[in-house]
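Student:
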Amino acid sequence: MKRIGVTGHRGIPTEAYAHIRAGMHAVLCGHDGSTEALSSLAAGADQLFADIALACGAELTVVIPSGDYEDGFTAPDELARYQRLKSRATREIRLAFPYSTDEAYYAAGAYIADNCDRLLAVWDGRPARGYGGTADIVHYARDLGKPVTVIWREGLERHWL
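Using this note's numbering, the first residue of the sequence shown is number 194, and each one after it goes up by one.
#1: Whose C-alpha, out of Phe242, Glu229, Lys339, is nearest the C-alpha of Ala215?
#2: So what does DSSP say about Ile305, is it helix, strand or coil?
#3: Taking DSSP's pairing of strands, which residues face Thr228 in a bridge?
#4: What distance in whole Å lies between the Cβ atoms of Ala209 and Trp316, which are believed to be in contact at a cut-off of 8 Å?
#5: Could you spell out where the beta strand (DSSP E) holding Phe242 opens and where it closes?
#6: Please go through the stretch 271 to 329 and give each complete beta strand (DSSP E) segment of 3 or more residues, from N-terminal end onward.
#7: Kindly indicate which three-state DSSP category Gly216 falls into: helix, strand or coil?
#8: Does the beta-carbon distance from Gly201 to Asp239 come in below 8 Å?
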């Protein structure tokens, strides 16, 4: 089974959405054999990745950083989408952090990087805005020697949430 993990920005510019969706689709649906997709289901890139992975027939493994993770979804549609995707997961990994902290987010990203064969990163190449952000997980995965596929449309800046 091929294991593909995701890390990425929550704020995806509208003009980058189609490009990112196509890139994810190519990675998740473009090979033979069974696939396991690992995601924390954060709003933005993580949820898009999970939707596409499930549509491509992958098994979804959800990595939940903390006990209060759902409290961080401020938009009702993002929480509903998280809950819908989580209900379709084949496997759920719950980390032992009681609260959503930067350390919990880093640990979830590191877990995904540790347990995937390839990391898909929706990343604009800029530094993380907090410990455990996309850039930190990309660097962590690269330090492990994991293949990282970066998907981003050049010339665009992410939306800061």
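For glycine and all other residues, C-beta sits at the position ideal for the given N, C-alpha and C.
Tutor: Reading from the atomic positions:
#1: For Ala215, the nearest C-alpha among the options comes from Phe242.
#2: Three-state result, Ile305: helix.
#3: Paired residues: Lys195.
#4: Cβ-Cβ separation between Trp316 and Ala209: approximately 11 Å, too far for a contact (criterion under 8 Å).
#5: Premise fails: Phe242 lies in the alpha helix (DSSP H), 238 to 248, not in any beta strand (DSSP E).
#6: Scanning the stretch 271 to 329 from its first residue to its last, the whole beta strand (DSSP E) runs of 3-plus residues come out as 284 to 290, 311 to 315.
#7: Note: Gly216 maps to helix in three-state DSSP.
#8: It is a contact, given that the beta carbons lie within the stated cut-off.
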